[in-house]
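Per UniProt numbering: the sequence shown ends with 154, consecutive numbering throughout.
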Amino acid sequence: MKVIFTKDVPAVGKKDEVKNVSDGYARNFLFLKGLARPATANALKNLTRALAEKQKTSTLRHDHAQTVAERLKTITLHFKTRIGEKGKSFGSVSAAKIQLELKKKGVTVHKENVLLEEPIKTLGEKMVPIWLHPELITEVKIIIEPETKPSEKK
């Protein structure tokens with residue numbers, strides 16, 4: 001019997017895959033558990049249409065991610081942090097701060113997509129990876145500078 005898998009079934013089939021299985025296995029296990037449905041002509045036509053739409057959406061998302069990646073390559077984010085007498089940093093740059101600064105520059109990303117293992121606590125220039133799409137990770141330049149005290153400004 002030909003079936004269309006509605007969920008991944010280990011060692012048998014993946015979601016949206018069309019495959020021949022035994023009649024008993026289909027009726028007594030796959031259909032009862034909601035793991036597959038019969039591959040009728042109408043169901044196959046709907047599956048083809050759904051897969052084409054899914055591919056189109058994926059392509060659009062990838063193209064959008066590519067555009068955002070190009071924009072991120074041109075952006076440099078500047079952060080200021082307080083430094084103690086012995087050069088110790090009293091602040092840090094977190095994924096949330098990076099996300100907020102990117103939003104101010106017109107680029108929207110989720111803070112979970114800013115791939116920082118831990119907040120940055122050192123001065124200088126860093127390249128921070130940003131996850132945009134399953135096939136696309138880019139980097140944004142971060143510059144962390146010491147905060148100047150009002151008495152030092154002239």
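Glycine is no exception: its CB is placed at the ideal position from the N, C-alpha and C atoms.
Note that the structure is predicted; figures quoted are calculated from it, not measured.
According to the DSSP assignment, residue 43 belongs to the alpha helix (DSSP H) that extends over 41–73.
Each residue's CA atom was taken as its position, placing residue 101 and residue 53 some 34 Å apart. The C-beta of residue 5 has 16 or more other C-beta atoms within 10 Å across all chains shown, which makes the residue buried. Taking a cut-off of 8 Å for Cβ pairs, the segment 125–134 and the segment 48–68 touch, as three or more such pairs fall below it. Assignment of residue 118 by DSSP, reduced to helix, strand and coil, places it in the coil class. Of all alpha-carbon atoms in 104, 114, 85, the one lying nearest the alpha-carbon of residue 147 is that of 85. In this structure, residue 137 keeps its C-beta atom at 8 Å or more from the C-beta atom of residue 114.
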